[in-house]
Every structure is written in structure tokens, then in C-alpha cells.
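Enquirer:
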Amino acid sequence: MDLARHLKQSMGTGKVLFGQRQTMSACTKGDARLVIVAANCPANYISELTEGHPDVPIHQVQMVNSQLGAACAKPFPVSALCVIDPGQSDLLSLSPNV
Numbered sequence: 001m002d003l004a005r006h007l008k009q010s011m012g013t014g015k016v017l018f019g020q021r022q023t024m025s026a027c028t029k030g031d032a033r034l035v036i037v038a039a040n041c042p043a044n045y046i047s048e049l050t051e052g053h054p055d056v057p058i059h060q061v062q063m064v065n066s067q068l069g070a071a072c073a074k075p076f077p078v079s080a081l082c083v084i085d086p087g088q089s090d091l092l093s094l095s096p097n098v
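Under full-length UniProt numbering, the first residue of the sequence shown is numbered 1, with each subsequent residue one higher.
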């Protein structure tokens, strides 16, 4: 799967939130359908997500936060993002690996 292409497609046709605070907030509200975290996302944040929201699938990519930000066409590092609506992308087919 070309993650960068699916992320851009999801951002254009669906709804994606960026950042640890927005991701945690969406999980708390029950809006999150998938969380994607960078390879260097803090382990305590990931464990907080998995313990507090076991129903939300979390997929950790091999990219570090600067690469994930570039894949999302953002000029800043992205350590966590949350898919609210995948739009026309196949992001929800990513299997949880955390």
C-alpha cells in the first residue's frame, strides 16, 4: 500500500486530524476510526492510547515523524494522526500493529 497516496486521498475526500492532542481528543469523543503513529512516537503516548481506547485500531508506520509529515504534505513533523473519515482511501484496511 502506498501510504502517502492514501493519506493525501483521505485528506482530500475525508477527514484527518493531526497531532497527539487532536488524536487523543477524537479517541475520547469516539470519532476516531484509525490512529496512525510514527516510528518515533513516544511509547508512553502509544500505551496511553491503547489502554484508554482499546477499541481504536492503532497502526505504527516505519516512517519517523518528519517523514510522516512530508507524506501528508505538511511542512511540520507529524507523530500521530487520526482518521475520522477515510473518504475514498483504503486507510481503514491497515491492520493494527501496536
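Where a beta carbon is used, it is the ideal one built from N, C-alpha and C, also for glycine.
1) Is the distance from the Cβ of Val78 to the Cβ of Ala43 below 8 Å?
2) Verify whether the separation of the beta carbon atoms of Arg33 and Ile84 is less than 8 Å.
3) Between the beta-carbon of Thr28 and the beta-carbon of Cys82, is there less than 8 Å?
4) Under the DSSP definition of a beta bridge, which residues are partnered with His59?
5) When DSSP labels each residue in this structure, what does Leu92 get in the three-state scheme?
6) Once you ignore the five residues that flank Val64 on each side, which residues in its own chain have a CB closer than 7 Å to its CB?
7) Pull up the DSSP beta-bridge partners for Ala80, would you.
8) For the alpha helix (DSSP H) that contains Lys8, what are its first and last residues?
9) Going by beta carbon distance, what residues of the same chain come within less than 8 Å of His59, once the five residues before and after it are set aside?
10) Bridge partners of Leu49, per DSSP?
Expert: This is what the structure gives:
1) Not in contact: Val78 and Ala43 (Cβ atoms no closer than 8 Å).
2) Using a Cβ distance threshold of 8 Å, Arg33 and Ile84 count as a contacting pair.
3) No.
4) The partner list for His59 (beta bridge, DSSP) reads Ile36.
5) In the three-state DSSP reduction, Leu92 falls in the helix class (H, G or I).
6) In its chain, beyond the 5 residues on either side, Ala38, Ala39, Asn40 have a beta carbon closer than 7 Å to the beta carbon of Val64.
7) Beta-bridge pairing by DSSP links Ala80 to Val37.
8) Start and end: 3-13.
9) Contacts found: Leu34, Val35, Ile36, Val37, Leu94, Ser95, Pro96, Asn97, Val98.
10) Answer is none; Leu49 lacks a bridge partner.
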